[in-house]
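Some notes on the structure that comes next.
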Amino acid sequence: MKKESIIFDGKVVNLVYKKVKYARLKVSKEAVISMSLPLRYPKKLVFCMLETHKEWINNKVAFIQNNRLKDDKTCLLGKIYTLKFDESIKSVQIRDDEILSPNFAKFSEFKKEFARAKFSEFIDEFLPLIGKSVNHISIKAMSTRWGSCNSTKGYINLSLNLIEKSEDLVRYVVLHELTHLIYPHHQKSFYEFIAKIMPDFKEREKRLRG
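Following full-length UniProt numbering, the numbering of the sequence shown begins with 1 at its first residue and continues without gaps.
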């Protein structure tokens with residue numbers, strides 16, 4: 001699989017080349033434009049497809065952004081913010097209890113970058129206690145779990161929605177997944193190891209599930 005980004009009509013388009021038969025165009029609910037493409041799909045045909053669907057793309061993006069212009073609520077590390085959109089600013093700004101953003105797409109990018117920075121900070125905190133290496137950190141929307149671990153490859157996957165939880169709960173999930181690098185199961189030894197580092201982990205786990 002290969003990934004890259006291009007600019008079309010002033011907008012970023014994320015391209016993913018993989019083993020599929022047909023090219024597909026998508027605009028996510030965050031107004032992110034992406035295409036799934038067969039391997040070795042000609043760039044000329046990519047731009048041709050984008051040009052053909054240009055009006056649809058613009059209408060879709062405009063609809064999403066216009067419906068996000070009203071003040072909304074968002075949460076980062078357990079703190080609730082009022083999310084406001086201001087097209088006159090260039091980047092996301094946090095001011096006390098408010099987050100200002102040019103549009104929803106920019107806020108989505110900021111949220112993922114913020115999550116990556118915080119998750120990496122907590123991973124670096126616990127790694128010396130784990131004694132293993134993390135080769136890759138993936139952050140993506142996951143509706144059924146907060147995280148997962150591939151102990152063989154050293155891959156840690158964390159849900160983007162986890163960044164909305166309080167810091168102590170985020171730290172528990174990070175420790176939980178890192179512990180799988182040592183114990184790729186949920187047997188007694190797994191939880192005994194976590195308890196040595198985080199004695200109140202059961203209480204945190206209960207709050208996370210609630």
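Don't be surprised by glycine CBs; every beta carbon is placed ideally from N, CA and C.
From residue i to residue j, what distance separates their C-alpha atoms?
i                 : j             : result
serine 28         : valine 13     : 11 Å
leucine 175       : lysine 118    : 13 Å
phenylalanine 190 : serine 143    : 24 Å
arginine 24       : serine 36     : 5 Å
asparagine 150    : histidine 136 : 10 Å
threonine 52      : methionine 1  : 25 Å
glutamate 87      : serine 5      : 23 Å
aspartate 124     : tryptophan 56 : 44 Å
leucine 100       : proline 199   : 38 Å
aspartate 96      : lysine 79     : 10 Å
When you compare each of the options to residue i by their alpha carbons, which one comes out closest?
i              : options                        : result
arginine 207   : Phe193, Ser148, Leu162         : Leu162
glutamate 30   : Ala62, Leu37, Ile156           : Ala62
leucine 158    : Glu177, Thr152, Ser151         : Glu177
serine 34      : Ile197, Ile7, Pro199, Gly210   : Ile7
threonine 152  : Pro184, Asp124, Ile130         : Pro184
isoleucine 64  : Phe85, Glu51, Asp96, Lys44     : Phe85
alanine 195    : Leu129, Gly210, Trp146, His136 : Leu129
threonine 179  : Phe193, Ala115, Gln187         : Phe193
leucine 160    : Ala141, Ser148, Gly154         : Ala141
histidine 186  : Ile99, Arg204, Phe107, Ser148  : Ser148
glutamate 113  : Arg40, Ser91, Asp200, Lys18    : Ser91
isoleucine 197 : Lys165, Phe126, Lys79, Cys75   : Phe126
lysine 111     : Lys165, Gly154, Lys202, Asn59  : Lys165
Taking its Cβ as the centre, do 16 or more other Cβ atoms sit within 10 Å of residue i, making it buried, or is it exposed?
i                : result
valine 170       : buried
phenylalanine 47 : exposed
leucine 181      : buried
lysine 105       : With the sequence shown as reference, residue 105 is identified as alanine, and lysine is not the correct amino acid for it. Flag for alanine 105 reads buried.
arginine 209     : exposed
arginine 204     : buried
asparagine 103   : buried
Can you tell me the Cβ-Cβ gap for residue i and residue j, rounded? I've got them flagged as a contact below 8 Å.
i              : j              : result
proline 38     : lysine 54      : At roughly 22 Å, the Cβ-Cβ gap does not stay under 8 Å, so proline 38 and lysine 54 are not in contact.
residue 297    : isoleucine 156 : Residue 297 is absent from the structure shown; the chain starts at 1 and stops at 210.
leucine 77     : glutamate 167  : 5 Å
valine 16      : lysine 3       : 5 Å
isoleucine 139 : arginine 116   : 6 Å
tyrosine 81    : glutamate 109  : Rounded, the Cβ-Cβ distance is 16 Å, inconsistent with contact.
Minimum length 3: unbroken beta strand (DSSP E) runs contained in the segment 58-127:
Fully contained in the segment 58-127 are the following beta strand (DSSP E) runs of length 3 or more, in chain order: 72-76, 79-85, 93-95, 98-101.
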